[in-house]
Each structure stands twice: as C-alpha cells, then as structure tokens.
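Engineer: Under my numbering, think of the first position of the sequence shown as 67, with each following residue one higher.
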Amino acid sequence: MIENVITHAFPPPSPCLPAPHPHAHLATSCDNITIAPSLLSELEASTDPLPRMLSPDGEPSSVARVEGIDAATFEKMHGSDQMAVEKLAQGISGFAADQDKLEAQLAALDGKA
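#1: Hey, how far is the Cα of GLY145 from the Cα of ASP136?
#2: Quick check on DSSP: helix, strand or coil for MET119?
#3: Looking only at its chain, what residues have a beta carbon closer than 7 Å to the beta carbon of ALA102, apart from the 5 residues adjacent to it on each side?
#4: Go ahead and label ASP166 buried or exposed: buried means 16 or more other beta carbons lie within 10 angstroms of its beta carbon, across all protein chains shown.
#5: For the alpha helix (DSSP H) holding ILE158, just list the boundary residues, first then last.
#6: Have a look at ARG118 and GLY160 and give me their C-alpha separation to the nearest angstrom.
#7: Between which two residues does the alpha helix (DSSP H) carrying THR113 extend?
#8: By Cβ distance, which residues of its chain are closer than 7 Å to LEU168, with the 5 residues on each side in sequence left out?
#9: Along the alpha helix (DSSP H) that carries GLU141, what are the first and last residues, could you check?
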C-alpha cells in the first residue's frame, strides 16, 4: 500500500551528467528543495564547476498525483505508524532549525554588504 503513497516529483540526476561536487546535483537539478546551511557553505567554498540544470523560463515541474488513496485513508495509515509520526515531527523540527540557521547566515551576509 505504501507504494501508492510514495511519489517522485523529480527524476534522479542523470548518470550521464556526473556532478563534480558530491552534492552539486542538489543545487542544480531540483527547484523545490531545502538545502541545509552547512551544505550551502560547502558549496559556496567549492571551486568545482556548477552548471545550471534548471531555468526559470522552463516548464514548471509537475508532481505526480497519487491515485487510489484519499486523505482519510492516508491519515489513518500515517497515524497508525508511530515511526512515521515521530519522523515527520522530527523532520519538521529539523526544517525549522535549519531555516533559523539559514536566516542567520543571510542576515550576516546582509550586514557584510
């Protein structure tokens, strides 16, 4: 049943286009992603080439719609999986903490300008 819930909005990076930096594909091949502040700093310090993979003029990425499951069924399935509930809460908490770190880094950069 979980196969019905999992979708992929973006295809995986092409093996034909290896990224010079181990995490470069995160910054070049995804338009809807949160990148941790530590990774942003690492990418900023890197001198490896980072080719642009997406264009703001391109077609918007489409997200596959999950068929065969309604909100109530999903909530019931999710709520009955303690690990899923805990990991979701942990992920949201981590996301908020990373957002605070990113905002602090941006504020520091703004002060240097």
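Cβ atoms here follow ideal geometry from the backbone N, Cα and C, with glycine treated the same way.
Structural biologist: Walking through what the data contain:
#1: Each residue's Cα considered, the two are about 14 Å apart.
#2: Reduced to three states, the DSSP call for MET119 is coil.
#3: Answer for ALA102: ASP164, listed in chain order.
#4: Counting every other CB atom within 10 Å of its CB across the protein chains shown gives ASP166 a total below 16, marking it as exposed.
#5: Looking at the DSSP string, the run of the alpha helix (DSSP H) that includes ILE158 is 148–178.
#6: Across the structure, ARG118 and GLY160 are spaced so that their CA atoms are roughly 28 Å apart.
#7: If you look at THR113, you'll find it isn't in any alpha helix (DSSP H); DSSP assigns it neither H nor E.
#8: Within the same chain, and ignoring the five residues on either side of LEU168 in sequence, the residues whose Cβ sits closer than 7 Å to its Cβ are PRO103.
#9: Unbroken alpha helix (DSSP H) run through GLU141: 137–145.
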